[in-house]
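Scroll down for the structure; my scribbles are underneath it.
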Amino acid sequence: MIKVGINGYGTIGKRVADAVAKQPDMEVVGVVKTRPTHEARHAIKNEYALYANNMENVQTFINEGFEISGTLDDLLDKCDVIVDCTPGKIGAMNRPLYESKGVKAIFQGGEKSGTGDVSFNAQGNYATCLGKDYVRVVSCNTTGLCRTIGAVEKKYGVKKARVTLIRRGPDPGNSKKGPVNAIVPNPVTVPSHHGPDVNTIFPDMDIMTSAVIVPTTLMHLHTVIVEMNNPATTAEIKQLFKSTPRIILVKASEGITSTAEIMEHARDLGRKRGDLNEIAVWDESINVIGNELFYIQAIHQESDVVPENIDCIRAMFELTKDADESIAMTDRAMDL
Ligand code: NAD
């Protein structure tokens with residue numbers, strides 16, 4: 015059993031912890047919080063050993079009546095790998111500590127790509143990450159792009175991809191960020207960072223992305239145009255997406271006309287927190303004209319990277335060298 019620690023028990027960290035706990039070949043040895051918040055209460059309720067990020071904060075937890083198992087330093091002594099789910103840029107600051115403790119680490123997409131020695135997407139480059147010590151799982155948007163465009167690349171070849179990303183403002187649990195009444199080019203420069211991030215997984219792909227942020231919390235949405243090297247029909251692309259793990263087709267004809275209904279569908283699936291770990295592609299949006307493929311997809315930013323973190327652990331410890339086997343194992347355990 016691989017012993018996994020989670021540093022940063024927020025939106026991503028708490029989901030990664032739950033996903034690890036479901037796997038047959040790894041276990042959660044503890045989670046790190048900075049403050050005694052409601053999320054720390056949930057960690058205790060979920061029977062995860064709770065650690066403070068430093069000695070000073072240990073006392074804050076004790077003062078609030080929390081049972082605390084030590085500091086991040088203590089947790090690192092007990093785990094084989096730490097999944098760093100702290101807010102962007104903190105992971106890079108933590109890496110020297112992980113190195114000094116000889117503990118492997120996974121970083122998230124909010125970190126610069128150089129924070130890990132290599133970036134990871136299970137369907138894109140599992141083999142590249144075999145045995146690696148410091149790996150960054152790409153962001154939610156990049157994960158979505160790698161899953162669908164990556165599937166097209168493998169079967170038909172991608173000559174070039176052009177994507178517009180319509181990004182959510184904050185996550186649903188965040189009351190501090192906007193925009194409330196604006197559409198914000200973010201970044202205002204083109205390409206946005208997403209295209210170059212896809213290139214950390216598919217180095218040779220010609221991909222250009224631009225992005226705006228809109229007043230919604232539910233999901234990101236991408237409109238995608240792919241020029242293919244080899245011919246495919248609309249029906250063949252639908253079949254490709256249908257048969258690719260972690261992609262689902264949704265239909266406007268069945269009432270799924272927006273991200274709101276996708277999230278309702280996810281809640282109806284009964285998964286914890288109403289998550290949708292798969293990328294949802296609108297069936298009706300898929301259209302091949304000549305060698306160009308068009309489609310629209312939605313990304314549940316809070317959960318699509320979660321199974322990726324599990325496969326990343328398996329690759330780093332070479333629990334299996336076969337990406338498909340790891341993906342199947344993860345998805346079975348998470349009931350995807
Ligand atoms: P979050 O703010 O929801 O959670 C971060 C957690 O880390 C919080 O509980 C916070 O209290 C804690 N924390 C802060 N400083 C810390 C420290 N020094 N040590 C330990 N814990 C600390 O953030 P998140 O959305 O979970 O994002 C985490 C990472 O995942 C970021 O790199 C982000 O870019 C990436 N990511 C986020 C999303 C998303 O949509 N939320 C999607 C994919 C990737």
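15 is the number of the first residue of the sequence shown in my numbering; add one for each residue after it.
All residues carry an ideal CB built from backbone N, CA and C; glycine is no exception.
Spatial neighbours of residue i in its chain, beta-carbon cut-off 7 Å, leaving aside the 5 residues before and after
i	result
Lys191	Gly183, Pro184
Ile324	Ala33, Val34, Gln37, Thr344
Gly102	Gly124, Glu125
Ile276	Met233, Val264, Ile270, Leu290, Ala294, Ala312
Thr156	Gly123, His208, Asp211, Val212
Ser83	Gly44, Ala63, Leu64, Tyr65
Ile262	Glu292, Ala294
Ile180	Val226, Val228, His234, Leu235
Thr142	Val132
Cβ-based neighbour list, residue i, same chain, cut-off 6 Å, excluding 5 preceding and 5 following
i	result
Val42	Val18, Ala31, Val34, Ala35, Tyr62
Pro186	Thr231
Gly24	none
Asn67	Val46, Thr48, Leu86
Val204	Ser224
Met69	Thr85
Asn326	Here residue 326 is Cys; the residue named in the question, Asn, does not match the sequence. Within the same chain, Cys326 has close Cβ partners Ile120, Phe134, Val149, Val151.
Ile310	Thr237, Trp296, Ser299
Beta-carbon proximity of residue i to residue j, cut-off 7 Å
i	j	result
Gln122	His234	no
Gly124	Tyr148	no
Glu306	Ala136	no
Ile313	Gly158	yes
Asn108	Asp94	no
Pro199	Val226	yes
Ala165	Thr258	yes
Gly27	Ile20	yes
Asn301	Asp318	no
Ala337	Tyr140	yes
Exposure label - residue i; buried when at least 16 CB within 10 Å
i	result
Arg328	buried
Asp211	buried
Ser206	buried
Gly116	exposed
Ser267	exposed
Arg29	buried
Pro50	buried
Ile303	exposed
His208	buried
Met40	buried
Asn77	exposed
Asp282	exposed
Glu167	buried
Ala274	exposed
Met330	buried
His52	exposed
Ser153	buried
Asn195	exposed
Asn244	exposed
For residue j and residue i, believed in contact at Cβ under 8 Å, the rounded distance
i	j	result
Ala119	Tyr112	4 Å
Thr162	Val264	Incorrect: roughly 13 Å between the Cβ atoms, too far for contact.
Tyr170	Ala246	5 Å
Asp220	Ala175	7 Å
Ala347	Gln73	About 37 Å; that fails the 8 Å criterion.
Val238	Ile197	Contact flag wrong, Cβ pair sits at about 19 Å.
Glu332	Leu144	5 Å
Thr214	Ser133	4 Å
Val172	Met242	6 Å
Leu350	Arg260	7 Å
Phe75	Ile58	So it is not a contact: roughly 10 Å between Cβ atoms.
8 Å Cβ shell around residue i - same chain, five flanking residues per side excluded
i	result
Ile104	Gly22, Asp98
Ile91	The residue asked about is misnamed: residue 91 is Asp in this sequence, not Ile. Result list for Asp91: Lys115, in chain order.
Practice item. Taking 8 Å as the threshold, find out whether the stretch 249 to 267 comes into contact with the stretch 279 to 295 through three or more Cβ pairs. Key: yes
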